[in-house]
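Novice: In the working numbering, the protein residues as written are 94 to 349.
Ideal Cβ positions, reconstructed from N, Cα and C, are used throughout, including at glycine.
Bear in mind that the values here come from a model prediction, so they are computed numbers and not experimental data.
#1: Which residues does DSSP pair with residue 266 in a beta bridge?
#2: What are the uninterrupted segments assigned as beta strand (DSSP E) that are 3 or more residues long and contained completely in the stretch 320-346, given in chain order?
#3: Going by alpha carbons, who is nearest to residue 239 out of 247, 260 and 248?
#4: Which partner residues of residue 213 appear in the DSSP bridge assignment?
#5: So if DSSP puts residue 119 in a beta bridge, which residue, or which two residues, is it bridged to?
#6: Can you have a look at residue 297 and say buried or exposed, based on whether 16 or more other CB atoms are within 10 angstroms of its CB?
#7: Locate the beta strand (DSSP E) running through residue 160, then write down its first and last residues.
#8: State the start and end residues of the unbroken alpha helix (DSSP H) segment that holds residue 204.
#9: Using three-state DSSP, classify residue 237 as helix, strand or coil.
#10: Rounded to whole angstroms, what is the Cα-Cα separation between residue 164 and residue 313?
#11: Quick check: residue 233 and residue 245, are their CB atoms within less than 8 Å of each other?
#12: In its own chain, which residues sit with a C-beta less than 8 Å from the C-beta of residue 197, not counting the 5 before and 5 after it?
#13: Would you say the stretch 326-335 touches the stretch 109-121, given that touching needs at least three Cβ pairs under 8 Å?
#14: Where DSSP assigns a beta bridge to residue 314, which residues make up the other side?
#15: List the DSSP bridge partners of residue 175.
#16: Can you look up residue 132 in the DSSP assignment and give me helix, strand or coil?
#17: Under 8 Å: do the stretch 290-304 and the stretch 263-277 share three or more Cβ pairs, one atom per stretch?
#18: Please report how far the alpha carbon of residue 339 lies from the alpha carbon of residue 142, in whole angstroms.
#19: Should residue 217 be labelled buried (16 or more other beta-carbon atoms within 10 Å of its own) or exposed?
#20: In terms of residues, what are the limits of the alpha helix (DSSP H) holding residue 300?
#21: What residue does the alpha helix (DSSP H) around residue 185 start on, and which one ends it?
#22: State buried or exposed for residue 300, treating a residue as buried only when at least 16 other CB atoms are found within 10 Å of its CB.
#23: In chain order, what residues of the same chain have a beta carbon less than 8 Å from the beta carbon of residue 202, not counting five sequence neighbours either side?
#24: Between residue 189 and residue 276, what straight-line distance do the alpha-carbon atoms span, to the nearest angstrom?
#25: Got a sec, what are the start and stop residues for the alpha helix (DSSP H) residue 109 sits in?
Listed below in structure tokens is the structure:
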């Protein structure tokens, strides 16, 4: 398949057709080096060899999709309290580290579209649940014309199902930190997901093979330990989330 033909495929199609490739997923950008979930972290992730940029989204008090990991502001910004209790204007005033500003999902998607990079969007439901967040994510993805170049994931599998029901063309995945007896196939089937995303500690070669036989991609998270990364690569996974994209890229021999 030519490069031009590959570029015309959606991410859902590429996940099916490019078995054996290991996608480097920059976890919150390159959070091992930069303030997580910020533009400088996303840019650094690309510089260090990431194929995908992973991020997290919450809803502000006025319904903006805010790119931040925690439901509270305290750990990653100079603000305090819940994200949902602040308006977008208030959130814009905060320092997210090294002078970086919190971004909205549309802003990151516009940046990613210009860079032709896949965005891995994690919907952060629980312990705070956001009414309508799945629909809001889908609507933004479609508005920015990134339907074919994102994957939407969550530990809240109901949210994943909501995304797939609203727009079947968007690639989706179920996150979990356990070892289901069926390699996560049932979780994926129940939500219509295209991928399973187990914590790295629960990945086995046998489970990866079972998931592949069921037509599912396997994309564990999130480690930068070379020994663990080598084991995941040997297990046949399709993508790996890492805080240090360069470490994984180097283990892959620099191939893109």
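Specialist: The answer reads as follows:
#1: 246 and 288
#2: 332-335
#3: 260
#4: 147 and 244
#5: 146 and 335
#6: exposed
#7: 158-160
#8: 198-208
#9: coil
#10: 23 Å
#11: no
#12: 157, 158, 159, 160 and 181
#13: yes
#14: 292
#15: 165
#16: helix
#17: yes
#18: 6 Å
#19: buried
#20: 298-306
#21: 181-185
#22: buried
#23: 212, 233, 234, 237, 239 and 243
#24: 37 Å
#25: 104-110
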